[in-house]
Amino acid sequence: SVSVTSTRNFNFTVYGKRDATAKASDAISREYPVVDHEFDAVVVGAGGAGLRAAFGLSEAGFNTACISKLFPTRSHTVAAQQGGINAALGNMEEDDWRWHFYDTVKGSDWLGDQDAIAYMTEQAPKAVIELENYGMPFSRTDDGRIYQRAFGGQSLKFGKGGQAHRCCCVADRTGHSLLHTLYGRSLRYDTSYFVEYFVLDLLMENGECRGVIALCLEDGSIHRIRANHTVLATGTYSGYGRAFFSCTSAHTSTGDGMALVTRAGLPNQDLEFVQFHPTG
Numbered sequence: 008s009v010s011v012t013s014t015r016n017f018n019f020t021v022y023g024k025r026d027a028t029a030k031a032s033d034a035i036s037r038e039y040p041v042v043d044h045e046f047d048a049v050v051v052g053a054g055g056a057g058l059r060a061a062f063g064l065s066e067a068g069f070n071t072a073c074i075s076k077l078f079p080t081r082s083h084t085v086a087a088q089q090g091g092i093n094a095a096l097g098n099m100e101e102d103d104w105r106w107h108f109y110d111t112v113k114g115s116d117w118l119g120d121q122d123a124i125a126y127m128t129e130q131a132p133k134a135v136i137e138l139e140n141y142g143m144p145f146s147r148t149d150d151g152r153i154y155q156r157a158f159g160g161q162s163l164k165f166g167k168g169g170q171a172h173r174c175c176c177v178a179d180r181t182g183h184s185l186l187h188t189l190y191g192r193s194l195r196y197d198t199s200y201f202v203e204y205f206v207l208d209l210l211m212e213n214g215e216c217r218g219v220i221a222l223c224l225e226d227g228s229i230h231r232i233r234a235n236h237t238v239l240a241t242g243t244y245s246g247y248g249r250a251f252f253s254c255t256s257a258h259t260s261t262g263d264g265m266a267l268v269t270r271a272g273l274p275n276q277d278l279e280f281v282q283f284h285p286t287g
């Protein structure tokens, strides 16, 4: 059997150095060391969703690890959202999350999950204000409110009230600002970061995920990271853009998370809804 060493009191650096408190398995030769870790929760991916999930779990009291094959600020979120973030704040004219809901469902040709869309559109204003409180430097109106601009597919009064101005932005670099804001915020929390670690497989036990196996890209060591809660935040819209002959996604958008799920025998959903910039 292999012992598991807890890293609960160890604040892992964001530079990807190996956890000095972890214990290598005696069952594996020194040429291929396996290092064991134990956490309450592990998040795979350190883009916008991954960082927010990781420090949200830490804030809730979970001993959390966040694993990324890239330094967090190199995640593809940094190149995304040139347009901005839609939220029915009503800073430019009267707006309502229900009108945002209608536009989103209509824009999906009524294929979208309406429960998820309702939650997203109702919570979007709170999420934008949260980002503002984290220090995200949104573009402003003359009187200091978050500036919102018109964007395609937006309407007022369920499509009967003309063009809505719903898109919150940081000039034309919203994704860049979002990622750096969340990364800065994440450093406030005692989250363990495994930077430049590539997740190879999910640890499955009786059909349930119990963590991940990861490769340290610096020295080739194998890390077995056990956790009762595993979150995959490895990219969705552009997460496997490089599966296509031509796309505008980063060369790191290789669908690793979806491959993990497939190899574990778990279902993926809505694979046809991949998105990258039309210039691809």
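The numbering used here applies: residue 8 is where the sequence shown begins, and numbers increase by one.
For each residue, glycine too, the CB sits at the ideal point set by N, CA and C.
Small disclaimer: the values here were computed from a predicted structure and weren't measured.
Sequence-distant residues of its chain with Cβ nearer than 8 Å to Asn275 (five each side left out): Sequence index remark: in the sequence shown, residue 275 carries index 268 (1-based). Taken in chain order, the residues that qualify are Met265, Val268, Thr269.
C-beta atoms of Ala56 and Ala240 nearer than 8 Å: Residue numbering aside, residue 56 sits at position 49 when the sequence shown is read from its first letter. Residue numbering aside, residue 240 sits at position 233 when the sequence shown is read from its first letter. Their beta carbons are under 8 Å apart, which means Ala56 touches Ala240 by this criterion.
Enclosing beta strand (DSSP E) for Met211 [first to last residue]: As a working mapping, residue 211 is identified with position 204 in the sequence shown. It spans 204-212 - the beta strand (DSSP E) in which Met211 sits, taken as one unbroken run.
Nearest to Cys254 by alpha carbon, out of Leu273, Val281, Ile229, Arg233? Indexing the sequence shown from 1 puts residue 254 at position 247. Comparing Cα positions, the closest option is Val281.
By a C-beta neighbour count over all protein chains shown, 10 Å radius and 16 as the cutoff for buried, is Ala123 buried or exposed? Along the sequence shown, one-based indexing puts residue 123 at 116. By the neighbour-count rule (16 or more Cβ atoms within 10 Å), Ala123 is not buried but exposed.
Can you tell me whether DSSP reads Gln130 as helix, strand or coil? The count along the sequence shown starts at 1 and reaches residue 130 at position 123. Correct three-state label for Gln130: helix.
Length of the line joining the Cα atoms of Asn70 and Leu278: Counting from one through the sequence shown, the residue named residue 70 turns up at place 63. Counting from one through the sequence shown, the residue named residue 278 turns up at place 271. The straight-line gap from Cα to Cα measures roughly 32 Å.
Under the three-state DSSP convention, the category Ser115 falls into: Here residue 115 corresponds to residue number 108 of the sequence shown, with the count starting at 1. Three-state DSSP puts Ser115 in coil, outside helix and strand.
How many Å lie between Leu288 and Tyr39 at the Cα? The structure shown does not extend to residue 288, since the chain is modelled only from 8 to 287, so the question has no answer here.
Check whether the Cβ atoms of Arg156 and Gly52 sit closer than 8 Å, and answer yes or no. Within the sequence shown, the letter at position 149 stands for residue 156. Within the sequence shown, the letter at position 45 stands for residue 52. No, they are not a contact pair.
Could you give the residue range of the alpha helix (DSSP H) that holds Leu267? In the sequence shown, residue 267 corresponds to position 260, counting from 1. 263-270 is the extent of the alpha helix (DSSP H) around Leu267.
Decide if Asp208 is buried, meaning its Cβ has at least 16 other Cβ atoms within 10 Å, or exposed. Here residue 208 is taken as the residue at index 201 of the sequence shown, counted from 1. Exposed, by the Cβ-count rule.
Alpha carbons only, please: which of Gly191, Gly248, Ile153, Glu45 is nearest the one belonging to Lys133? Within the sequence shown, residue 133 is the residue found at index 126, counting from 1. When only C-alpha atoms are compared, the closest one is Ile153.
From which residue to which residue does the beta strand (DSSP E) around Leu222 run? Taking the first residue of the sequence shown as 1, we reach residue 222 at position 215. 215-223 is the extent of the beta strand (DSSP E) around Leu222.
Compute the Euclidean distance between the alpha carbons of Trp104 and Lys113, then round it to the nearest angstrom. Residue numbering aside, residue 104 sits at position 97 when the sequence shown is read from its first letter. Residue numbering aside, residue 113 sits at position 106 when the sequence shown is read from its first letter. So the two alpha carbons sit approximately 14 Å from each other.
Quick check: the Cα distance between Asp102 and Met127, rounded to an integer number of angstroms? By 1-based counting over the sequence shown, the position of residue 102 is 95. By 1-based counting over the sequence shown, the position of residue 127 is 120. If you take the alpha carbons of Asp102 and Met127, they lie about 15 Å apart.
Integer-rounded CB distance, given that Ala67 should sit under 8 Å from Val238: By 1-based counting over the sequence shown, the position of residue 238 is 231. By 1-based counting over the sequence shown, the position of residue 67 is 60. With a Cβ gap of about 12 Å, Val238 and Ala67 do not count as contacting.
Please specify which runs of the beta strand (DSSP E), each continuous and at least 3 residues long, are wholly inside the region 68-102, giving them in chain order. 71-75
Nearest-angstrom Cα separation, counted from Gln89 out to Asp179: Here residue 179 corresponds to residue number 172 of the sequence shown, with the count starting at 1. Here residue 89 corresponds to residue number 82 of the sequence shown, with the count starting at 1. Spanning the two alpha carbons is a distance of roughly 5 Å.
Taking only the alpha-carbon atoms, compute the straight-line gap between Gly23 and Val42 and give it to the nearest angstrom. Taking the first residue of the sequence shown as position 1, residue 23 is located at position 16. Taking the first residue of the sequence shown as position 1, residue 42 is located at position 35. Any reading at Gly23 must be qualified, since the residue scores a pLDDT of 43, below 50, and its modelled position is unreliable; no value is offered.
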